[in-house]
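Structure record follows, encoded as structure tokens.
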Amino acid sequence: MERVVVIATGGTIASQPTMSGLAASLQGRSVISAVPPTAGLRVDVIDLCTIDSSCLTIRHQLDLLEQVRVALADPDVTGVVVTHGTDTLEESAFLLDLHHDDPRPVVLTGSQLPLGHEGSDAPRNLSDAFIVAQQARDLGVLVVFNGHVHAARGTVKRHTLDAHAFGDPSHEPLGRILGGELLLRRDVQRRSAPLSAPRGTAPRVDIVTHHSDGDAVLLRASIAAGARGIVLVGAGTGNATPEIAEAVREATLAGVVVAVTSRCAAGPVAPVYASGGDLLAAGAILAGHLRASQTRIALLSALMHTDSPERCRALLPALLGT
Numbered sequence: 001m002e003r004v005v006v007i008a009t010g011g012t013i014a015s016q017p018t019m020s021g022l023a024a025s026l027q028g029r030s031v032i033s034a035v036p037p038t039a040g041l042r043v044d045v046i047d048l049c050t051i052d053s054s055c056l057t058i059r060h061q062l063d064l065l066e067q068v069r070v071a072l073a074d075p076d077v078t079g080v081v082v083t084h085g086t087d088t089l090e091e092s093a094f095l096l097d098l099h100h101d102d103p104r105p106v107v108l109t110g111s112q113l114p115l116g117h118e119g120s121d122a123p124r125n126l127s128d129a130f131i132v133a134q135q136a137r138d139l140g141v142l143v144v145f146n147g148h149v150h151a152a153r154g155t156v157k158r159h160t161l162d163a164h165a166f167g168d169p170s171h172e173p174l175g176r177i178l179g180g181e182l183l184l185r186r187d188v189q190r191r192s193a194p195l196s197a198p199r200g201t202a203p204r205v206d207i208v209t210h211h212s213d214g215d216a217v218l219l220r221a222s223i224a225a226g227a228r229g230i231v232l233v234g235a236g237t238g239n240a241t242p243e244i245a246e247a248v249r250e251a252t253l254a255g256v257v258v259a260v261t262s263r264c265a266a267g268p269v270a271p272v273y274a275s276g277g278d279l280l281a282a283g284a285i286l287a288g289h290l291r292a293s294q295t296r297i298a299l300l301s302a303l304m305h306t307d308s309p310e311r312c313r314a315l316l317p318a319l320l321g322t
């Protein structure tokens with residue numbers, strides 16, 4: 001008999017109406033009851049937390065990482081399904097993927113409509129997640145939504161309400177589920193050496209976005225607040241003003257690691273213009289195709305594996321995939 005472990009964390013898929021709107025309240029066993037039992041499949045459920053994913057902390061995410069490791073320590077487990085809120089699913093999925101070193105899949109899913117809502121996408125997403133958890137191998141951590149299968153790296157929430165909520169703006173999906181089968185379209189390009197378990201406490205890593213009339217006030221405030229890492233969301237290919245480039249130089253000299261991504265939905269960050277080149281010369285690291293939320297997870301992970309800014313800067317490009 002195959003065995004899948006479900007780790008429930010809350011989110012819309014576990015939500016019910018309240019006077020002020022939807023709120024996560026259902027336990028994992030109630031959530032998976034939306035899917036009829038599958039012959040020959042044993043499902044074990046672990047309730048990690050029951051909260052809206054916008055309220056998740058890095059502590060929740062590290063607890064999730066540990067619980068996934070515990071589940072996969074059992075050789076009888078076929079795969080892991082994580083039910084998760086959609087708001088920060090892309091962050092948790094990427095954190096898990098950076099530390100995943102097992103051929104068995106970890107599949108994250110959720111829903112845009114709660115279980116009790118007419119036309120809810122929860123039953124289909126759950127059913128598809130179980131199929132992928134049983135059939136996928138050597139694909140790392142996956143996001144399953146609306147019949148599509150996505151690699152964790154690069155996949156973001158691309159629509160606030162639509163059922164087709166997730167995708168990688170720069171790459172096509174890995175595949176889809178049709179007739180109960182996982183059909184793959186492309187291979188996954190994964191890091192050859194996943195990270196070991198993180199150690200110590202999570203440092204402060206902030207995200208600062210550049211815009212017209214933007215200055216360095218928020219970036220310097222982040223440093224003053226004790227940030228050890230900053231994700232600068234630049235314009236276009238990763239551009240900002242000379243004033244911000246100078247603040248990045250100050251941050252780098254102070255031992256703060258700065259990574260630059262883009263406000264654009266798709267495409268790489270590259271020093272095409274002088275304003276982007278100035279950031280690179282100031283010591284910033286370019287994030288390639290990753291956007292702000294996952295760039296922050298990569299930077300946070302690197303800082304949790306070394307106390308040295310220099311070693312962090314050396315490790316970060318591999319985590320970013322650049």
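Numbered by UniProt numbering, the letters in the sequence shown go through residues 1 to 322 in order.
Heads up, the beta-carbon is just placed ideally off N, CA and C, and yes, glycines get one too.
Residue range 309-320 is occupied by the alpha helix (DSSP H) that includes C312. Taken in chain order, the whole beta strand (DSSP E) runs of length 3 or more contained in the segment 116-172 are 141-145, 148-151. N146 and A163 have their C-alpha atoms roughly 6 angstroms apart. Taking all protein chains shown into account, G175 has 16 or more neighbouring C-beta atoms within 10 Å of its C-beta and is therefore buried. Counting other Cβ atoms within 10 Å of its Cβ, D121 reaches 16 or more and is therefore classed as buried. Going by C-alpha positions, A254 is about 11 angstroms away from A227. Residue environment: P37 is assigned as exposed (fewer than 16 neighbouring CB atoms within 10 Å of its CB, all protein chains considered).
Residue environment analysis places P114 among the buried positions, since at least 16 neighbouring C-beta atoms fall within 10 angstroms of its C-beta. In the DSSP assignment, V31 falls within the alpha helix (DSSP H) that extends over 28-32. Assignment of beta strand (DSSP E) within the segment 31-89, counting only whole runs of 3 or more residues, yields 41-51, 79-83 in chain order.
Ranking P203, A14, V82 by CA distance to the CA of I58 puts P203 first.
Every unbroken stretch of the alpha helix (DSSP H) spanning 4 or more residues and falling wholly within the UniProt domain "Asparaginase/glutaminase C-terminal" (204-315) is given here in chain order: 217-224, 242-253, 274-281, 292-304. According to the DSSP secondary-structure assignment, I177 is paired through a beta bridge with L182.
Within the DSSP secondary-structure output, V188 pairs in no beta bridge.
For V256 against L279, the beta-carbon gap comes to about 14 angstroms, at or over 8 angstroms, which does not count as contact. Residues G229, R296, L299, L300 of the same chain have their beta carbon placed closer than 6 angstroms to that of V205, with the five preceding and five following residues left out of the count.
Secondary structure at A93: helix, using DSSP grouped into helix, strand and coil. Selection E250, A245, R291, S20 evaluated against C264 yields R291 as nearest (Cα-Cα). Look at the beta carbons and you see the segment 134-151 touching the segment 104-114: at least three pairs across the two are nearer than 8 angstroms. Under DSSP, P17 forms a beta bridge with L22.
If you check the CB distance, S53 and T86 come in under 8 angstroms. In this structure, DSSP gives T12 a helical state, which the three-state scheme calls helix.
Between G238 and G276, the gap from beta carbon to beta carbon is short of 8 angstroms.
The three-state secondary structure of L113, taken from DSSP, is coil. The DSSP-derived three-state label of L98 is helix.
R3 sits in a strand when the DSSP states are folded into three classes. Of the candidates A251, V248, R69, the residue whose Cα lies closest to the Cα of P198 is R69. In this structure V208 is in contact with L218, their Cβ atoms being roughly 5 angstroms apart against a cut-off of 8 angstroms. Sequence-distant partners of P268 (beyond 5 residues in either direction) whose C-beta falls short of 6 angstroms from its own C-beta, in its chain, are G288, H289.
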